[in-house]
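Below: one structure, written as structure tokens.
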Amino acid sequence: MAARSLAEKVGVQPACRALGVSRSTFYRRARPAPGPQQPRPTPARALSKVERERVEETLASPRFVDRAPAEVVATMLDEGRYLCSERTMYRILAANQPVKDRRSQRVHPKYAKPELVAAAPNQVWSWDITRLRGPLRSNQQT
């Protein structure tokens, strides 16, 4: 790097000024690249695999499939049962990719936009003629 070799001779500030580089950029590029990160250890209070599966089954059950995790937690607490926190439910859903509307959605049909086409004068009347199509294509009209 040219700035580093020049900075060794004249100093960082004059070298950066001469090359038009800010000092923060100089120091950021001089910093060593971070090495590979260690995976986080599993917390001691994390849910076991069986508990996670129970939460997944509960969220996928017909009773709760269309409810948000906050509603599921509230309903379960009303019944005197506690599986996990709302945030943990969101983490479990995110790990399994159903963090979206989990029920079937109606697909609306595609409707064709109505178009007024005039093949001759006085066939189509409109208050705005900028969008009316004529017998020629728009790239052929002048």
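When we follow this note's numbering, the leftmost residue of the sequence shown carries the number 1130, and every step to the right adds one. Just so it is clear, CB atoms sit at the ideal spot from N, CA and C, and this is done for glycine as well.
- By the neighbour-count criterion, in which a residue is buried when 16 or more other Cβ atoms sit within 10 angstroms of its Cβ, Val1246 is exposed.
- Glu1182 sits away from Pro1198, with the two beta carbons spaced by 8 Å or more.
- Between the region 1165-1182 and the region 1209-1225, the count of Cβ pairs shorter than 8 Å is three or higher; the stretches touch.
- Rounded to whole angstroms, the gap between the alpha carbons of Leu1222 and Ser1190 is 13 Å.
- Contact check for Val1141 against Arg1152 passes: the beta carbons are separated by less than 8 Å.
- Around the C-beta of Val1139, fewer than 16 other C-beta atoms lie within 10 Å, and the residue is accordingly described as exposed.
- Only exposed fits Val1194, as fewer than 16 other CB atoms lie within 10 angstroms of its CB.
- Straight through space, the alpha carbons of Glu1244 and Asp1257 are spaced by roughly 13 Å.
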